[in-house]
Amino acid sequence: MNNWIFLLVLVIVAVGVKADLAPTWDSCQCRWDDWVAWSSCTKECYGRRYRDRKVWVSNTEGCTEFSDCATSDEGSELQDCNTFCYNGGTYISSYTGCKCVAGKYGRCCDKTVTCAKPSKPGNGEVFYSGLTYGSTITYSCHVDYNMTSGVPRRTCQGNGGWSGDAARCQYVNTCSSNPCRNGGSCINGVESYKCQCQLGVELTVKTMFSPL
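Here is the structure:
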(Lines of atoms letter the chains of each structure in order from A and count residues from 1; the text may use other names and numbers.)
(Lines give C-alpha, C1' and ligand atoms only; values in the text may rest on other atoms or scores of the structure.)
Protein backbone atom coordinates (compact mmCIF):
# COMPACT_ATOMS: atom_id res chain seq x y z
CA MET A 1 0.00 0.00 0.00
CA ASN A 2 1.30 3.44 -0.94
CA ASN A 3 1.73 5.51 2.22
CA TRP A 4 2.20 8.82 0.40
CA ILE A 5 0.09 10.79 -2.05
CA PHE A 6 0.89 13.82 -4.17
CA LEU A 7 -1.31 16.91 -3.85
CA LEU A 8 -1.22 19.90 -6.18
CA VAL A 9 -2.81 23.25 -5.52
CA LEU A 10 -4.37 24.97 -8.52
CA VAL A 11 -5.13 28.32 -6.96
CA ILE A 12 -2.65 31.07 -7.82
CA VAL A 13 -2.41 34.18 -5.70
CA ALA A 14 -0.20 37.24 -5.70
CA VAL A 15 3.23 37.19 -4.12
CA GLY A 16 3.36 39.05 -0.83
CA VAL A 17 0.16 37.53 0.60
CA LYS A 18 1.61 34.59 2.50
CA ALA A 19 -0.24 32.46 5.03
CA ASP A 20 0.96 29.53 7.12
CA LEU A 21 1.31 25.82 7.18
CA ALA A 22 -1.75 23.90 8.33
CA PRO A 23 -1.92 22.73 11.97
CA THR A 24 -1.93 19.16 10.63
CA TRP A 25 1.36 19.58 8.75
CA ASP A 26 3.28 17.35 11.12
CA SER A 27 0.56 14.80 11.81
CA CYS A 28 -0.03 14.34 8.08
CA GLN A 29 3.74 14.12 7.55
CA CYS A 30 3.60 16.76 4.84
CA ARG A 31 6.65 17.73 2.87
CA TRP A 32 7.16 19.97 -0.13
CA ASP A 33 8.21 18.82 -3.56
CA ASP A 34 10.48 21.08 -5.66
CA TRP A 35 9.07 24.12 -7.41
CA VAL A 36 8.33 23.57 -11.10
CA ALA A 37 9.95 25.90 -13.63
CA TRP A 38 8.55 29.40 -14.06
CA SER A 39 5.96 29.81 -16.79
CA SER A 40 6.56 32.05 -19.79
CA CYS A 41 6.01 35.76 -19.19
CA THR A 42 2.48 36.82 -20.06
CA LYS A 43 3.61 39.99 -21.87
CA GLU A 44 6.65 41.30 -23.72
CA CYS A 45 7.10 43.99 -21.12
CA TYR A 46 5.90 44.18 -17.54
CA GLY A 47 4.04 40.90 -17.52
CA ARG A 48 3.65 38.18 -14.89
CA ARG A 49 4.83 34.61 -14.60
CA TYR A 50 3.92 31.88 -12.17
CA ARG A 51 5.06 28.58 -10.78
CA ASP A 52 3.65 26.02 -8.38
CA ARG A 53 4.76 23.10 -6.27
CA LYS A 54 3.21 19.92 -5.01
CA VAL A 55 3.14 18.59 -1.49
CA TRP A 56 3.64 15.05 -0.30
CA VAL A 57 1.25 13.92 2.40
CA SER A 58 0.78 10.70 4.33
CA ASN A 59 -1.98 8.53 2.84
CA THR A 60 -4.02 8.40 6.00
CA GLU A 61 -7.50 9.43 7.02
CA GLY A 62 -7.89 13.18 7.33
CA CYS A 63 -4.87 13.86 5.14
CA THR A 64 -6.32 13.99 1.64
CA GLU A 65 -6.45 17.69 0.75
CA PHE A 66 -3.80 20.29 0.06
CA SER A 67 -5.30 22.35 2.85
CA ASP A 68 -4.38 19.59 5.29
CA CYS A 69 -0.79 20.69 4.76
CA ALA A 70 -0.90 24.39 3.94
CA THR A 71 -3.02 27.18 2.59
CA SER A 72 -3.23 27.39 -1.20
CA ASP A 73 -0.99 30.46 -1.49
CA GLU A 74 1.91 28.39 -0.15
CA GLY A 75 1.74 26.21 -3.25
CA SER A 76 2.04 28.87 -5.93
CA GLU A 77 3.89 32.09 -6.68
CA LEU A 78 3.46 35.00 -9.05
CA GLN A 79 6.32 37.22 -10.12
CA ASP A 80 6.74 40.30 -12.30
CA CYS A 81 8.74 39.65 -15.45
CA ASN A 82 10.16 41.58 -18.39
CA THR A 83 10.21 44.63 -16.14
CA PHE A 84 11.52 47.04 -18.73
CA CYS A 85 10.44 49.28 -21.61
CA TYR A 86 12.35 49.41 -24.85
CA ASN A 87 14.12 52.44 -26.29
CA GLY A 88 14.14 54.58 -23.17
CA GLY A 89 10.43 54.25 -22.38
CA THR A 90 9.09 54.66 -18.84
CA TYR A 91 6.75 52.14 -17.24
CA ILE A 92 3.36 53.62 -16.24
CA SER A 93 1.09 50.73 -15.23
CA SER A 94 0.05 47.22 -16.17
CA TYR A 95 -2.95 48.71 -17.98
CA THR A 96 -1.27 51.40 -20.06
CA GLY A 97 2.19 49.88 -20.43
CA CYS A 98 5.08 52.22 -21.15
CA LYS A 99 5.30 55.93 -21.87
CA CYS A 100 7.49 56.22 -24.93
CA VAL A 101 10.06 58.81 -25.92
CA ALA A 102 9.48 60.83 -29.08
CA GLY A 103 9.55 58.70 -32.19
CA LYS A 104 8.63 55.43 -30.46
CA TYR A 105 5.25 53.85 -29.77
CA GLY A 106 3.57 50.59 -28.75
CA ARG A 107 2.88 49.04 -25.36
CA CYS A 108 6.59 48.35 -24.91
CA CYS A 109 7.89 51.28 -27.01
CA ASP A 110 9.32 48.74 -29.42
CA LYS A 111 7.95 50.34 -32.59
CA THR A 112 9.36 53.33 -34.48
CA VAL A 113 7.29 56.12 -36.02
CA THR A 114 7.63 56.24 -39.81
CA CYS A 115 6.49 58.79 -42.38
CA ALA A 116 5.17 58.15 -45.88
CA LYS A 117 7.61 58.17 -48.78
CA PRO A 118 7.63 61.70 -50.19
CA SER A 119 6.88 62.37 -53.84
CA LYS A 120 9.06 64.68 -55.88
CA PRO A 121 7.61 67.97 -57.10
CA GLY A 122 6.96 68.63 -60.74
CA ASN A 123 10.15 69.96 -62.36
CA GLY A 124 12.13 69.19 -59.23
CA GLU A 125 13.73 66.48 -57.13
CA VAL A 126 13.41 65.21 -53.56
CA PHE A 127 16.15 63.63 -51.47
CA TYR A 128 15.60 61.91 -48.13
CA SER A 129 17.82 60.39 -45.46
CA GLY A 130 15.19 57.91 -44.31
CA LEU A 131 11.52 57.56 -43.43
CA THR A 132 11.71 57.16 -39.65
CA TYR A 133 11.21 59.78 -36.94
CA GLY A 134 13.76 62.58 -37.21
CA SER A 135 14.66 61.84 -40.83
CA THR A 136 14.75 64.79 -43.22
CA ILE A 137 13.85 65.44 -46.84
CA THR A 138 15.15 68.25 -49.04
CA TYR A 139 13.81 69.60 -52.32
CA SER A 140 15.55 71.14 -55.30
CA CYS A 141 14.18 72.59 -58.51
CA HIS A 142 15.44 72.03 -62.04
CA VAL A 143 17.34 74.70 -63.96
CA ASP A 144 15.15 77.71 -64.81
CA TYR A 145 12.65 76.73 -62.08
CA ASN A 146 12.33 78.32 -58.65
CA MET A 147 10.68 77.10 -55.46
CA THR A 148 7.66 79.35 -55.13
CA SER A 149 5.85 77.66 -52.23
CA GLY A 150 6.46 75.05 -49.57
CA VAL A 151 9.72 74.61 -47.68
CA PRO A 152 13.09 73.31 -48.91
CA ARG A 153 13.58 71.00 -45.91
CA ARG A 154 11.07 68.89 -43.94
CA THR A 155 11.39 66.57 -40.94
CA CYS A 156 9.53 63.36 -40.03
CA GLN A 157 7.52 64.14 -36.89
CA GLY A 158 6.19 62.07 -34.03
CA ASN A 159 2.69 61.97 -35.53
CA GLY A 160 3.96 60.24 -38.66
CA GLY A 161 3.69 63.34 -40.87
CA TRP A 162 6.29 65.60 -42.46
CA SER A 163 6.74 69.13 -41.15
CA GLY A 164 5.87 72.05 -43.41
CA ASP A 165 4.42 71.90 -46.91
CA ALA A 166 5.76 70.18 -49.99
CA ALA A 167 7.79 72.32 -52.38
CA ARG A 168 6.43 73.59 -55.68
CA CYS A 169 8.75 74.41 -58.56
CA GLN A 170 7.64 76.92 -61.21
CA TYR A 171 9.27 78.17 -64.39
CA VAL A 172 10.91 81.58 -64.07
CA ASN A 173 13.16 81.97 -67.15
CA THR A 174 10.23 83.08 -69.23
CA CYS A 175 12.14 85.64 -71.26
CA SER A 176 14.48 83.07 -72.79
CA SER A 177 12.51 83.03 -76.06
CA ASN A 178 12.80 86.82 -76.43
CA PRO A 179 9.05 87.31 -76.66
CA CYS A 180 9.04 91.12 -76.57
CA ARG A 181 9.04 92.99 -79.90
CA ASN A 182 9.99 96.46 -81.13
CA GLY A 183 12.84 96.88 -78.68
CA GLY A 184 10.75 96.11 -75.63
CA SER A 185 12.44 94.82 -72.47
CA CYS A 186 11.34 91.46 -71.05
CA ILE A 187 10.84 90.97 -67.33
CA ASN A 188 10.78 87.40 -66.04
CA GLY A 189 7.84 86.31 -63.91
CA VAL A 190 6.59 83.08 -62.41
CA GLU A 191 5.37 81.11 -65.40
CA SER A 192 4.77 84.42 -67.16
CA TYR A 193 6.67 87.39 -68.50
CA LYS A 194 6.08 91.11 -68.86
CA CYS A 195 7.20 93.33 -71.67
CA GLN A 196 8.28 96.89 -70.90
CA CYS A 197 7.82 98.91 -74.08
CA GLN A 198 9.77 101.86 -75.43
CA LEU A 199 8.07 105.22 -75.68
CA GLY A 200 5.60 105.33 -78.52
CA VAL A 201 5.03 101.58 -78.69
CA GLU A 202 1.76 100.25 -77.34
CA LEU A 203 1.82 97.15 -75.12
CA THR A 204 -0.71 94.73 -76.54
CA VAL A 205 0.31 91.57 -74.65
CA LYS A 206 1.32 91.75 -70.97
CA THR A 207 1.60 88.13 -69.90
CA MET A 208 1.39 85.27 -72.30
CA PHE A 209 3.74 82.54 -71.09
CA SER A 210 2.68 79.15 -69.85
CA PRO A 211 5.35 76.42 -69.89
CA LEU A 212 4.62 73.01 -71.30
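All the letters of the sequence shown, read from the start, carry residue numbers -19 to -1, 1 to 193 under mature numbering (1 follows the signal peptide of the UniProt record, and there is no 0). Idealized CB from N, CA, C, for every residue including glycine.
- When the beta-carbon positions are compared, V94 and G28 stay at least 8 angstroms from each other.
- Under DSSP, the beta-bridge partners assigned to S121 are E106.
- Within the DSSP secondary-structure output, N169 pairs in a beta bridge with Y174.
- The segment 74 to 83 makes no contact with the segment 30 to 42, as fewer than three CB pairs between them are under 8 angstroms.
- Here the segment 168 to 179 makes contact with the segment 144 to 157; the two share three or more CB pairs at distances below 8 angstroms.
- For S158, the secondary structure class from DSSP, reduced to helix, strand or coil, is coil.
- Looking at the DSSP output, R149 shares a beta bridge with S130.
- By the CB criterion at 8 angstroms, G84 and G165 fall outside the cutoff.
- Rounded to whole angstroms, C137 and T64 show a C-alpha spacing of 30 angstroms.
- When the beta-carbon positions are compared, D49 and A3 come within less than 8 angstroms of each other.
- As DSSP reads the structure, A51 sits in a beta bridge with L2.
- Residue pairing by DSSP places Y86 opposite K92 in a beta bridge.
- Contact check between the segment 51 to 70 and the segment 101 to 111: fewer than three CB pairs, one atom from each, fall below 8 angstroms, which does not count as touching.
- Counting every other CB atom within 10 Å of its CB across the protein chains shown gives G70 a total of 16 or more, marking it as buried.
- Taking C-beta atoms under 8 angstroms as the contact rule, C26 and R88 qualify, at a distance of about 7 angstroms.
- Inter-residue distance for C11 and V36 is about 7 angstroms (C-alpha atoms, whole angstroms).
- Residue range 12 to 16 is occupied by the beta strand (DSSP E) that includes W16.
- W16 counts as exposed, since fewer than 16 other C-beta atoms from the protein chains shown sit within 10 angstroms of its C-beta.
- DSSP places G56 within a helical segment (H, G or I) once states are collapsed to three.
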